[in-house]
Amino acid sequence: MGRGRGAARATGLPGRPAAALAVLVNTRGLTELVILAVGLRLGALDDRLYSSMVVMALVTTATARPLLHLILPTRPAAQDLPGRRPYPISTTRAQSGGESGT
Numbered sequence: 216m217g218r219g220r221g222a223a224r225a226t227g228l229p230g231r232p233a234a235a236l237a238v239l240v241n242t243r244g245l246t247e248l249v250i251l252a253v254g255l256r257l258g259a260l261d262d263r264l265y266s267s268m269v270v271m272a273l274v275t276t277a278t279a280r281p282l283l284h285l286i287l288p289t290r291p292a293a294q295d296l297p298g299r300r301p302y303p304i305s306t307t308r309a310q311s312g313g314e315s316g317t
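All residue numbers for the sequence shown refer to my numbering, where the first residue is 216 and numbers rise by one.
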């Protein structure tokens with residue numbers, strides 16, 4: 216989760232939303248299970264590694280909701296109340312229609 220949060224912070228996302236994004240990026244459950252099954256069939260993974268990776272996928276997916284409730288409570292934090300500036304998400308590329316300088 217640290218890398219996901221760090222990348223979100225590097226793009227200017229505040230602390231709580233960056234942590235929430237990191238939790239959501241870390242929950243890759245079904246996709247990971249499919250890839251692990253293919254790896255096992257191809258012989259790239261042994262049974263022990265496959266089992267531990269499946270447990271990791273299930274645990275990270277199962278803990279996502281409780282972690283999100285801790286990071287982003289249902290009651291808004293002071294910085295999320297009306298009248299406050301929205302999160303600084305850049306929309307420059309979307310408004311300009313692509314790369315600058317073209």
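Where is the CB? At the ideal position from N, CA and C, for every residue including glycine.
Query raised in the report: Roughly how many angstroms lie between the CA atoms of Leu285 and Leu251, to the nearest whole one?
Result: Translated into the one-based positions of the sequence shown, residue 285 becomes position 70. Translated into the one-based positions of the sequence shown, residue 251 becomes position 36. Distance between the alpha carbons of Leu285 and Leu251: 30 Å.
Query raised in the report: Can you name, in chain order, every residue of its own chain whose Cβ lies under 8 Å from the Cβ of Asp262, other than the five neighbours on each side?
Result: Position 47 of the sequence shown, counted from the start, is the residue given in the question as residue 262. Counting only Cβ-Cβ distances below 8 Å, and skipping sequence neighbours, we find Leu255.
Query raised in the report: Around the Cβ of Arg220, are there at least 16 other Cβ atoms within 10 angstroms (buried) or fewer (exposed)?
Result: The residue given as residue 220 occupies position 5 in the sequence shown. Buried, by the Cβ-count rule.
Query - Backbone secondary structure at Pro229 - three-state DSSP - result: Along the sequence shown, read from residue 1 onward, the residue named residue 229 stands at position 14. It is coil, neither helix nor strand.
Report task. Out of Pro232, Val240 and Ala272, point me to the one whose CA is closest to Val249's CA. Result -> In the sequence shown, residue 249 corresponds to position 34, counting from 1. Comparing Cα positions, the closest option is Ala272.
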